[in-house]
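Worksheet: the structure to be examined is printed underneath.
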Amino acid sequence: MHFRFERLDHCARLLARGRHDASAGGSGAQSPGPRVHSLTSPLSSSSPARALSGLPKGKMTENGMASRGKVLTIDTMNPTVKKVEYAVRGPIVQRAVQLEKELREGAKKPFAEVIKANIGDAHAMGQQPITFFRQVLALCSYPELLNDSTFPEDAKSRARRILQSCGGSSIGAYSASQGIDCVRQDVARYIEQRDGGIPCDPDNIYLTTGASDGIVTMLKLLVCGEGKSRTGVMISIPQYPLYSAALAELGAVQINYYLNEEKCWSLDISELQRALDEARRHCNPRALCIINPGNPTGQVQSRQCIEDVIRFAAKERLLLMADEVYQDNVYADGCKFHSFKKVLFEMGPEFSNNVELASFHSTSKCYMGECGFRGGYMEIINMDAEVKAQLTKLVSVRLCPPVPGQALMDLVVNCPQPGEPSYNNFMKERTATLGVLAEKAKLTEQILNTVPGISCNPVQGAMYSFPRITIPEKAIREAKEKGQAPDMLYCMKLLEETGICLVPGSGFGQKEGTYHFRMTILPATDKLKILLSKVKEFHQKFTQQYS
Amino acid sequence: TLVLRNGRTGKMTENGMASRGKVLTIDTMNPTVKKVEYAVRGPIVQRAVQLEKELREGAKKPFAEVIKANIGDAHAMGQQPITFFRQVLALCSYPELLNDSTFPEDAKSRARRILQSCGGSSIGAYSASQGIDCVRQDVARYIEQRDGGIPCDPDNIYLTTGASDGIVTMLKLLVCGEGKSRTGVMISIPQYPLYSAALAELGAVQINYYLNEEKCWSLDISELQRALDEARRHCNPRALCIINPGNPTGQVQSRQCIEDVIRFAAKERLLLMADEVYQDNVYADGCKFHSFKKVLFEMGPEFSNNVELASFHSTSKCYMGECGFRGGYMEIINMDAEVKAQLTKLVSVRLCPPVPGQALMDLVVNCPQPGEPSYNNFMKERTATLGVLAEKAKLTEQILNTVPGISCNPVQGAMYSFPRITIPEKAIREAKEKGQAPDMLYCMKLLEETGICLVPGSGFGQKEGTYHFRMTILPATDKLKILLSKVKEFHQKFTQQYS
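Residue numbers (my numbering), protein chains in the order written: chain W, 1 to 547; chain Z, 1 to 499.
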């Protein structure tokens with residue numbers, strides 16, 4: 001179950017033992033001075049990490065006093081934080097940033113620029129923001145512009161409405177912790193329209209700091225128990241590593257269910273059942289996370305599949321978490337986005353009155369791509385009233401989500417309507433952006449599938465391809481000798497040789513013995529073509545080199 | 001427990017299957033979350049929001065409006081944003097405006113600089129998780145100037161989602177161990193309840209040290225020592241949090257006091273966390289803000305090479321009051337390199353702080369300079385805002401001290417008064433019968449009778465048997481005068497009623 005963490009777990013156990021020895025050696029209040037020595041020095045010898053790193057050791061300060069090392073060291077920090085991994089911004093990306101710096105400083109490389117196809121960051125890849133959104137944000141930031149006749153009236157009326165619901169008519173005021181009232185009302189109305197009239201209560205909407213914030217908050221509420229009663233959470237493999245990172249930090253048990261690569265990354269209920277049954281032996285599974293459209297795998301779930309998942313959750317008493325941030329990113333013919341909320345309610349009151357569901361959306365994806373604003377919302381369904389009160393209290397500690405992000409979320413759910421002055425231009429921009437994405441999804445799949453040793457499922461939705469790559473035995477052996485995942489070796493070499501930054505499949509999880517990478521489809525079409533041909537060339541060279 | 005709590009017992013669904021209740025209930029949720037308390041947005045504020053709604057719906061109340069003096073939310077209380085900041089933010093949001101000749105050149109050049117360092121020249125792109133490079137450089141330069149040239153490495157700057165984010169992240173790094181080796185963190189009492197809330201959620205041990213109300217809420221090293229020695233019996237104290245200027249208590253620490261605190265932290269091996277978000281809010285004669293960083297470095301390499309320090313700043317307070325943008329930064333000093341790598345990894349999971357907040361942070365640390373077109377107006381606005389705050393700090397202290405049974409220390413800095421109130425025995429008994437803190441009863445009654453929303457001292461912690469409230473000094477001067485006279489009137493009536 002924890003295949004990715006095995007080595008770390010072992011390491012953590014060693015560390016824990018070291019720590020135990022240390023605290024036994026210097027017991028607290030009686031001898032504060034010497035205790036400090038024993039806290040760090042035995043550890044430096046007993047901990048493998050410390051012994052290897054050769055970093056801060058005891059040294060003498062000017063007055064000859066022995067420096068007792070840092071208060072906060074790798075051995076004495078929060079052990080759950082150490083277990084957190086987040087490949088999307090991991091070592092590959094750090095190396096990419098370094099390479100960019102080297103290029104700027106004039107270093108000679110086999111490439112002229114680093115292309116970051118590691119993260120779903122549309123604007124960074126040249127996608128233009130929606131004009132209407134940015135006009136309203138400018139108006140909200142500097143309300144003097146409300147007197148500027150070059151701004152369209154619908155942008156002004158949106159800005160006025162948002163400002164009126166801010167304290168002191170300023171987006172610089174804190175909002176209610178759950179989010180600005182009128183924004184939550186607009187979100188609720190939007191969900192109702194999206195879901196064909198199924199009612200949505202603004203009181204069930206929580207605005208968030210990006211979807212990540214909502215997901216972590218929900219997971220946090222769920223975690224309790226120790227040992228066999230510790231909360232377990234089911235996540236897909238491959239997964240978006242926010243989930244594994246949050247579960248590691250919270251000390252919850254990660255329960256992996258595998259998506260079926262042979263069937264276009266679809267979800268099999270029998271696999272859910274297998275994963276759940278196995279997990280029940282050692283933890284208390286309480287929630288099931290679904291990403292639809294899929295990240296990193298790009299599949300779009302059928303209505304039937306969603307219904308089956310809901311039945312499964314109801315039968316097995318699991319709270320459902322539906323990550324639906326790519327809901328407008330559906331490209332493939334015959335595919336359609338179905339929200340979990342809608343399907344749940346169409347299944348009748350036996351389900352819609354009982355199954356607990358949290359669904360997440362954000363301003364960062366779809367046609368907006370406004371990642372930097374950290375806007376988002378979650379809707380909670382059938383949440384226990386007392387738990388909801390606790391949730392409201394919990395979010396109040398962090399005061400409020402960023403107000404510009406809330407304003408942007410409002411514009412997404414309350415976009416220009418037919419008859420309004422900005423409608424045509426808005427639709428033009430939106431349609432163009434989604435059209436180009438669809439084209440690039442197709443292009444990516446097609447070109448990758450021309451490469452022997454790369455096989456890519458259709459990118460039905462979202463913003464990524466997650467092709468399977470064949471890595472020669474010799475390369476696998478080399479990676480293992482280096483203590484690296486084979487696809488990390490592959491991606492690192494790709495980066496060094498071509499300047500293309502992808503994320504290895506091992507960062508998302510994959511079936512043992514299979515290898516993948518995640519590549520965004522976001523670079524501009526021309527650039528994407530070059531990128532894909534470089535990947536093709538690299539793959540052939542790599543395969544040759546290691547055969 | 002399930003059986004005892006009604007409403008969640010088993011019931012039958014339509015098909016006759018026994019419904020087994022919710023997956024997630026108050027009994028099966030994260031127990032550390034349940035322990036979290038945050039009075040600044042607690043029951044009093046919820047009641048205030050409800051009262052506002054009732055007023056809007058035409059309900060008759062003994063007051064025409066609810067005045068929220070519970071939270072340091074300057075703009076909500078009518079403080080105007082700094083024009084220059086908002087011009088640059090508008091330019092960043094909608095770069096078309098760079099062609100608009102009505103915007104001053106310095107605003108445009110700031111916006112261009114920020115946009116150039118954003119992916120795709122858009123504030124809609126993710127930034128580096130640690131924050132935009134050029135903003136971190138500007139922050140470092142600002143700190144160097146503030147601290148008289150003591151060097152600051154941009155690599156030690158992490159931009160954050162408000163200061164709260166940085167504080168919680170640092171606390172998170174620190175927490176480990178179980179039982180007697182569990183991490184303990186020293187916080188002042190009274191404190192800003194973010195600290196107690198974060199510690200509760202992280203399951204760390206809260207170690208209280210009491211500020212000395214008799215000496216204008218100053219910090220005594222002997223009290224730190226007492227608190228630490230007691231705590232060592234049951235946990236592993238590893239960090240000491242200081243809020244300077246103080247929240248909710250408004251004191252400004254002397255240089256000597258900061259030096260003593262640093263010596264204490266060095267001697268006792270505590271990581272220092274300096275919450276300095278009110279660094280420009282210093283009003284009292286003879287008071288001056290000294291950053292922990294500066295004092296640390298002036299104490300020489302024995303300290304500056306060793307004492308681990310994290311300091312926090314934000315866009316929400318000072319003269320900016322831009323709370324909604326959730327901008328902030330932290331500077332870390334002497335952090336172990338491996339821990340720093342872990343910190344960078346940890347913040348990467350949440351991708352990046354909101355970019356508009358980062359842009360705003362940049363403007364705060366890179367504000368208009370003499371000779372630039374916006375300089376005069378910027379200085380005029382900044383000076384006016386801080387001047388009015390100083391006036392209101394004085395006013396609040398003076399008026400409150402005219403009320404028998406209320407005694408208020410000088411509001412040397414920050415944005416709050418935290419006066420001590422005498423609550424009659426009879427009221428204390430009544431509160432106890434209701435299971436309420438006596439100052440909660442007091443504040444709740446004040447709210448119901450006058451529409452004024454304050455936070456009871458019990459939400460911040462206070463010496464046993466003493467009672468306080470926190471009141472912001474932010475309402476406009478006229479309104480503040482009315483508010484203070486209403487508080488005065490209420491206090492007299494309350495005292496009479498319960499005597």
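Note that the Cβ used here is the ideal one computed from N, Cα and C, for glycine as well. Every value quoted in this text rests on a predicted model; they were computed, and no experiment measured them.
Roughly how many whole angstroms lie between the Cα atoms of residue i and residue j?
{"i": "S121/Z", "j": "L115/Z", "result": "5 Å"}
{"i": "E179/Z", "j": "L202/Z", "result": "It should be noted that the sequence gives Gly, not Glu, for residue 179/Z. Spanning the two alpha carbons is a distance of roughly 14 Å."}
{"i": "A275/W", "j": "L318/W", "result": "13 Å"}
{"i": "G461/W", "j": "F351/W", "result": "27 Å"}
{"i": "H313/Z", "j": "G357/Z", "result": "12 Å"}
{"i": "I217/Z", "j": "M77/W", "result": "In the sequence under discussion, the amino acid at residue 217/Z is Trp, which differs from the Ile named in the question. Approximately 33 Å, taken between the alpha carbons."}
{"i": "Y423/W", "j": "P238/W", "result": "39 Å"}
{"i": "A48/Z", "j": "P129/W", "result": "39 Å"}
{"i": "R158/W", "j": "G78/Z", "result": "22 Å"}
{"i": "R398/W", "j": "R286/W", "result": "26 Å"}
{"i": "I310/W", "j": "L242/W", "result": "23 Å"}
{"i": "Q369/Z", "j": "Y278/Z", "result": "22 Å"}
{"i": "V88/W", "j": "V365/Z", "result": "31 Å"}
{"i": "Y257/W", "j": "Q510/W", "result": "10 Å"}
{"i": "K294/Z", "j": "K479/Z", "result": "38 Å"}
{"i": "A66/W", "j": "R263/Z", "result": "Confidence in A66/W is poor, its pLDDT being 41 and thus under 50, which makes the residue's placement too unreliable to answer from."}
{"i": "Q251/Z", "j": "V403/Z", "result": "21 Å"}
{"i": "N99/Z", "j": "T208/W", "result": "34 Å"}
{"i": "Y498/Z", "j": "I428/Z", "result": "9 Å"}
{"i": "L484/Z", "j": "E37/Z", "result": "28 Å"}
Going by beta-carbon coordinates alone, are residue i and residue j separated by less than 9 Å?
{"i": "S362/W", "j": "G375/W", "result": "yes"}
{"i": "L320/W", "j": "A358/W", "result": "yes"}
{"i": "Y195/Z", "j": "V40/Z", "result": "no"}
{"i": "R136/Z", "j": "D155/Z", "result": "yes"}
{"i": "K340/Z", "j": "I332/Z", "result": "yes"}
{"i": "F111/W", "j": "E537/W", "result": "no"}
{"i": "I258/Z", "j": "F292/Z", "result": "yes"}
{"i": "K503/Z", "j": "P424/Z", "result": "A question about residue 503/Z goes unanswered here, because the residues of chain Z that appear run from 1 up to 499."}
{"i": "P296/W", "j": "Y240/W", "result": "yes"}
{"i": "P353/Z", "j": "L159/Z", "result": "yes"}
Just tell me which of the options has its CA closest to the CA of residue i.
{"i": "H536/Z", "options": "Y467/Z, I406/Z and K61/Z", "result": "The structure shown does not extend to residue 536/Z, since chain Z is modelled only from 1 through 499, so no value can be given for it."}
{"i": "N260/W", "options": "C140/W, Q299/W, Y243/W and D277/W", "result": "Q299/W"}
{"i": "E213/Z", "options": "T472/Z, Y467/Z, F494/Z and K488/Z", "result": "Y467/Z"}
{"i": "G499/W", "options": "I198/W, V535/W and G369/W", "result": "V535/W"}
{"i": "F542/W", "options": "E512/W, G505/W and L489/W", "result": "L489/W"}
{"i": "E430/Z", "options": "K392/Z, T396/Z and F494/Z", "result": "F494/Z"}
{"i": "D201/W", "options": "R303/W, N382/W, Q127/W and S302/W", "result": "N382/W"}
{"i": "A548/W", "options": "I269/W, K482/W and Q406/W", "result": "This structure leaves residue 548/W out entirely; chain W is present only between 1 and 547."}
{"i": "P143/W", "options": "P81/Z, D260/Z and N70/Z", "result": "P81/Z"}
{"i": "D323/W", "options": "K365/W, T444/W and L146/W", "result": "K365/W"}
With a cut-off of 8 Å, do at least 3 Cβ pairs link the region 170 to 178 of chain W to the region 321 to 334 of chain Z?
Touching, per the Cβ criterion.
Is the region 43 to 60 of chain Z touching the region 449 to 465 of chain Z, taking contact as three or more C-beta pairs under 8 Å?
Look at the beta carbons and you see the region 43 to 60 of chain Z touching the region 449 to 465 of chain Z: at least three pairs across the two are nearer than 8 Å.
Cβ-based contacts, 8 Å cut-off: residues of the region 347 to 370 of chain Z near chain W:
Listed by position along the chain: S348, V349, R350, L351, C352, P353, P354, V355, P356 and G357.
For the 8 Å Cβ check, are there 3 or more pairs between the region 134 to 154 of chain Z and the region 285 to 304 of chain Z?
Touching, per the Cβ criterion.
Where the region 188 to 221 of chain Z meets chain W: residues whose CB sits under 9 Å from a CB there
If the cut-off is 9 Å between Cβ atoms, the region 188 to 221 of chain Z has P193, L194, A197, A198, E201 and L202 near chain W.
For the region 185 to 198 of chain W against the region 75 to 90 of chain Z, are there 3 or more C-beta pairs whose distance is under 8 Å?
Under the Cβ criterion (8 Å, minimum of three pairs), the region 185 to 198 of chain W does not count as touching the region 75 to 90 of chain Z.
Taking beta-carbon pairs under 9 Å, can you tell me which members of the region 314 to 326 of chain W lie near chain Z?
Within the region 314 to 326 of chain W, the residues whose Cβ lies closer than 9 Å to some Cβ of chain Z are R317, L318 and L319, listed in chain order.
Along the region 356 to 389 of chain W, what residues have a CB closer than 9 Å to any CB found in chain Z?
If you check each beta-carbon in the region 356 to 389 of chain W against every beta-carbon of chain Z, the ones closer than 9 Å belong to E356, T363, S364, M368, G369, E370, C371, G372, F373, R374, G375, N382, M383, D384, A385, E386, V387 and A389.
Pull out every residue of the region 322 to 336 of chain Z whose Cβ sits closer than 8 Å to any Cβ of chain W, in chain order.
The region 322 to 336 of chain Z vs chain W, Cβ under 8 Å: E322, C323, G324, F325, R326, N334, M335 and D336.
Touch test, the region 517 to 536 of chain W against the region 426 to 444 of chain W, Cβ-Cβ under 8 Å, three pairs minimum:
Yes, since at least three Cβ pairs between the region 517 to 536 of chain W and the region 426 to 444 of chain W fall closer than 8 Å, the two stretches touch.
Closer than 8 Å between beta carbons: that is the criterion. Which residues of the region 130 to 163 of chain Z meet it against chain W?
Legend: CB atoms of the region 130 to 163 of chain Z lying less than 8 Å from CB atoms of chain W belong to residues T161 and G162.
Chain W contacts made by the region 89 to 103 of chain Z, where a contact means CB separation under 7 Å
Result list: L89, A90, S93, Y94 and L97.
Contact list for the region 152 to 182 of chain W against chain Z, Cβ threshold 8 Å
Here the close residues are C166, G167, G168, S170, I171, G172, A173, Y174, S175, A176 and S177.
Near-chain W residues of the region 265 to 297 of chain Z - C-beta to any C-beta below 8 Å
Listed by position along the chain: E268, R269, L270 and L271.
Can you pull out the residues from the region 132 to 145 of chain W whose beta carbon lies closer than 7 Å to at least one beta carbon of chain Z?
Against chain Z - using a Cβ distance shorter than 7 Å - the residues of the region 132 to 145 of chain W are R134, Q135, L137, A138, S141, Y142 and L145.
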